[in-house]
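One structure is given here, and the rest of the page talks about it.
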Amino acid sequence: MSPANKAKDVQVYPVAADTRVLRSRTWDRLKFEIEYALQKGTTANSYLIEGDKTALFDPPGESFTKIFLDALQARIDPKQIDYVILGHINPNRASTLQALLEIAPQITIVCSNPAALSLGKILPDVQLDLQIIKGEDTLDLGKGHVLEFIPTPNPRYPDHLCTYDTKTEVLYTDKIFGCHVCGDRVFDEGWTIDLEDRRYYFDCLMAPHARQIMASMDKLSDKLARVYATAHGSLVRYSLIELTADYRTWAQQQNERESSVALIYASAYGNTATIAQAIARGITKAGVAVESINAESAKPEEIKTAIDKSAGFIMGSPTLGGHAPTQIQSALGIVLANAAKTQLAGAFGSFGWSGEAVDLLENKFRNAGYKFGFEPIRVKFTPTDAVLKTCEEAGTDFAQALK
24 MSPANKAKDV
34 QVYPVAADTR
44 VLRSRTWDRL
54 KFEIEYALQK
64 GTTANSYLIE
74 GDKTALFDPP
84 GESFTKIFLD
94 ALQARIDPKQ
104 IDYVILGHIN
114 PNRASTLQAL
124 LEIAPQITIV
134 CSNPAALSLG
144 KILPDVQLDL
154 QIIKGEDTLD
164 LGKGHVLEFI
174 PTPNPRYPDH
184 LCTYDTKTEV
194 LYTDKIFGCH
204 VCGDRVFDEG
214 WTIDLEDRRY
224 YFDCLMAPHA
234 RQIMASMDKL
244 SDKLARVYAT
254 AHGSLVRYSL
264 IELTADYRTW
274 AQQQNERESS
284 VALIYASAYG
294 NTATIAQAIA
304 RGITKAGVAV
314 ESINAESAKP
324 EEIKTAIDKS
334 AGFIMGSPTL
344 GGHAPTQIQS
354 ALGIVLANAA
364 KTQLAGAFGS
374 FGWSGEAVDL
384 LENKFRNAGY
394 KFGFEPIRVK
404 FTPTDAVLKT
414 CEEAGTDFAQ
424 ALK
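So for the sequence shown, the numbering used here puts the first residue at 24; every next one is plus one.
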């Protein structure tokens, strides 16, 4: 049976004392995210620590809900789980979380404040017991497992949270240090075969946030890790030093590029963020840096600084009730007040029934006299693979127009 024809499954394996990984695996080609373009499938890694209290990290997306819960229940009674720790939440992951809470309502959810806000929007009718991490808080599970939380936000994942277990010295890094490859290797022995996949994953997901990734690396450097427990791909044990150094090098390369583009967006349901990711990939492929800014969490000064140092700017917005979100309208005002007329402009967005937000951006930029690096991109509902390819090509065109 070829890998592409294998059924989804969950691989359960010990990681450290009282600790197991549940690797929800799919060999299928994943759609609608430029990060999956190498077509090697992926794993969605969840982790279980059984101290005096039990914590589960990051239930997987909804395509795994049934097989994951079956595998979990074969290991433990869900009613014995005290905490679910979220490194990051989105509507896809929230589906499995909701199914778990239906059979284990006693669970306390540990997450960052942005994640708590997202959960309130995604699961408005679900009663949630939340423990919100406000800084570098700790949680004692007993048997020596003291968890230290490290907020590591970036524009794509403003809720991102890493966790360090002081007993096992396992660092739960969620999106950081991962790659999209499905296979039988739980750990990264023979890791040189993963070099291309790791770099591609970084370029797609991390490069647009190089400044924030460097800040996260500085925070994580205080933790003496034996294992990076990632959200995707093999766990990192054998190449800790090399991969850490690579991330610093790759982020530094982005920060040192002569030309940069300010990519400013908001995303209601993740579609606009997916488009932004594809455009950013096209820009970085062409040798131009991207400063990605989530308008929902960015401060005005951050937007102004990015505009001041960029050779061009691109704005993306969903359309909500026939309008652009307030945060985009505010960011637009900052851009128009600070961008030089020599800077190249771009506009994109997703919508359900109408696309007034993209019209607003396009008209404001044209009326102000800016030249466009690509024709405005309008995407109805979820972007397809073909649309994402077009978005990536638009990013490359934009970057080449700057040179």
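In this text, a Cβ means the ideal position worked out from N, Cα and C, and glycines have one as well. Note that this is a predicted model, so its numbers are computed, not measured.
Could you name the residues that DSSP lists as bridge partners for N386?
-> N386 pairs with nothing; no bridge assigned.
At 3 residues or longer, and completely inside the segment 313-398: list those beta strand (DSSP E) runs for me, N to C.
-> 335-341, 367-374
Residue(s) in a DSSP beta bridge with K403 | F374
Does the separation of the CB atoms of K308 and D408 fall below 9 Å?
-> no
By Cβ distance, which residues of its chain are closer than 7 Å to L383, with the 5 residues on each side in sequence left out?
-> A347
Three-state class that DSSP yields for S135 in the structure shown = strand
Does the segment 403-419 come within contact of the segment 300-314, defined as at least 3 CB pairs closer than 8 Å?
-> yes
Cβ-based neighbour list, E319, same chain, cut-off 6 Å, excluding 5 preceding and 5 following = A289, Q350
Within this structure, are the beta carbons of I126 and D152 separated by less than 9 Å?
-> no
Taking three-plus beta-carbon pairs below 8 Å as touching, is the segment 264-283 in contact with the segment 391-407?
-> no
Using three-state DSSP, classify S47 as helix, strand or coil.
-> strand
Rounded to whole angstroms, how far is the Cβ of G369 from the Cβ of G378, which I believe are closer than 8 Å?
-> Contact doesn't hold; Cβ gap of about 15 Å is too wide.
Rounded to a whole number of angstroms, what is the C-alpha to C-alpha distance between A40 and L243?
-> 22 Å
Reduced DSSP secondary structure (H/G/I, E/B, other) of N278 = helix
DSSP beta-bridge partners of L71 | R43, L79
Could you pull out every residue in the same chain whose Cβ sits closer than 7 Å to the Cβ of S25, ignoring the five residues on either side in sequence?
-> Low per-residue confidence applies at S25: pLDDT is 49, beneath 50, and the placement is therefore not dependable, though the value from the model is reported in the following sentence. Excluding residues within five positions, none has a Cβ falling inside 7 Å.
Is it buried or exposed for Y180, if we count other Cβ within 10 angstroms and need 16 for buried?
-> buried
Give me whichever residues DSSP pairs with D93 in a beta bridge.
-> DSSP, once it has assigned bridges, lists no residue as partnering D93.
Counting only the same chain and skipping the five closest in sequence on each side, list residues whose C-beta sits under 6 Å from that of A7.
-> No answer is possible for residue 7: the residues shown for the chain start at 24 and end at 426.
For G143, which residues from the same chain have a beta carbon less than 6 Å from its beta carbon, with the 5 sequence-adjacent residues on both sides left out?
-> none
Shortest alpha-carbon distance to V44 belongs to which of R52, K31, G310, A78?
-> A78
How many angstroms separate the CA atom of G167 from the CA atom of Y106?
-> 16 Å
Could you tell me if G158 is buried or exposed, where buried requires 16 or more neighbouring beta carbons within 10 angstroms of its beta carbon?
-> exposed
Quick one: is K364 buried, meaning 16 or more other Cβ sit within 10 Å of its Cβ, or exposed?
-> exposed
Touch test, the segment 322-329 against the segment 172-190, Cβ-Cβ under 8 Å, three pairs minimum | no
For V410, three-class secondary structure by DSSP = helix
Round the Cβ separation of Q34 and R48 to the nearest angstrom and send it over; I've been treating them as touching at under 8 Å.
-> 6 Å
Starting from Y251, trace the alpha helix (DSSP H) both ways and give me its first and last residue.
-> Looking at the DSSP string, Y251 is not in any alpha helix (DSSP H); the run it does join, the beta strand (DSSP E), is 250-253.
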